[in-house]
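What follows is a single structure, written as structure tokens, with notes after it.
See below:
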């Protein structure tokens, strides 16, 4: 079972070094006794993975909950002792930069996490996109007679229903209030991604006006008929990617985990399918395990060569 916790890794590093030293001593004794230390590459690889601890940080957005549990399940199946840690957006970046977490698959670039990337980008290893075609913006139900941010007037009590303070899409929405003259008097009401989704569902059921901070992939686009509002001022930027970031030294310390994280790549449809299952009530770990089982070919590409 995937473990959720948070701690400094200094003690773990010390223990790892001690175990490594003990292992080397044992290997030398074996060589003295038998005259040989020949082992197969697969055996060496398996023994180096089994029980090795890896910690992945994530922000509690539906996308990142799903993706982190999937890649965590893949690593767990390989024998890693996997710990998943939910953190605030900025703290997630800081944790990887400071090697307090080993990695994360939750970096939205170039816009959403621009501030965090500017602050911590030179302290982490960017493994590139694990998903392309992500987007952020203002989202409304399709039944609303408005197609552009510039068309908004008094809808939804002049309120944008947002998520957590500090999220990139919230910052962009607050900037939109300055960029669009027609949004004078509007406010961005921050809450959480769960509270936003609840408010959207209630408004949609009652055919009420609502404007929310939106991003995709997201299960809400499968659950409801929604649309992004056009953004003629370009406040929300172009399509984004979700990138994988790992701590410096991970490739040397855990080459197998590094390989899996480096190879991790899927589509918005993959991510939305598991997000939808979770939203429909499937346990997160169960949904992740089912997706991994049903997409063995894709998982095999991420884990190629690792026993």
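In the working numbering, the protein residues as written are 2 to 308. Glycine is no exception: its CB is placed at the ideal position from the N, C-alpha and C atoms.
DSSP, read as helix, strand or coil, puts residue 201 in helix. The beta carbon of residue 277 is closer than 8 Å to those of 220, 223 and 224 in its chain, skipping five residues each way along the sequence. Counting the other CB atoms within 10 Å of its CB gives residue 143 a total below 16, which places it among the exposed residues. In the DSSP assignment, the residues bridged to residue 246 are 105 and 127. When DSSP reads this structure, residue 190 sits in a beta bridge with 162.
8 Å or more divides the Cβ of residue 139 from the Cβ of residue 103. In the DSSP assignment, no residue is bridged to residue 307. A distance below 8 Å between beta-carbons, with the five flanking residues on each side excluded, links residue 163 to the following residues of its chain, in chain order: 170, 171, 174, 189, 190, 191, 192, 197, 213 and 214.
Buried is the label assigned to residue 63, since at least 16 other Cβ atoms lie within 10 Å of its Cβ. Rounded to whole angstroms, residue 253 and residue 155 show a C-alpha spacing of 56 Å. Judged by DSSP secondary structure, residue 56 falls within the beta strand (DSSP E) whose first and last residues are 54-59. Taking all protein chains shown into account, residue 207 has fewer than 16 neighbouring C-beta atoms within 10 Å of its C-beta and is therefore exposed. Rounded to the nearest angstrom, the gap between the Cα atoms of residue 244 and residue 205 is 32 Å. C-alpha of residue 73 to C-alpha of residue 259: approximately 13 Å in a straight line.
Secondary structure in the region 260-295: the alpha helix (DSSP H) runs of 4 residues or longer, each lying completely within the stretch, are 269-280 and 285-295 in chain order. Shown here for residue 159: same chain residues with a beta carbon closer than 6 Å to its own, the five before and five after excluded, namely 186 and 187 in chain order.
Straight through space, the alpha carbons of residue 266 and residue 151 are spaced by roughly 36 Å. In this structure, residue 113 lies near residue 241, with their beta-carbon atoms less than 8 Å apart.
Beta-bridge annotation (DSSP): residue 299 is not paired with any residue.
Nearest C-alpha to residue 66 among 280, 147, 303 and 123: 280.
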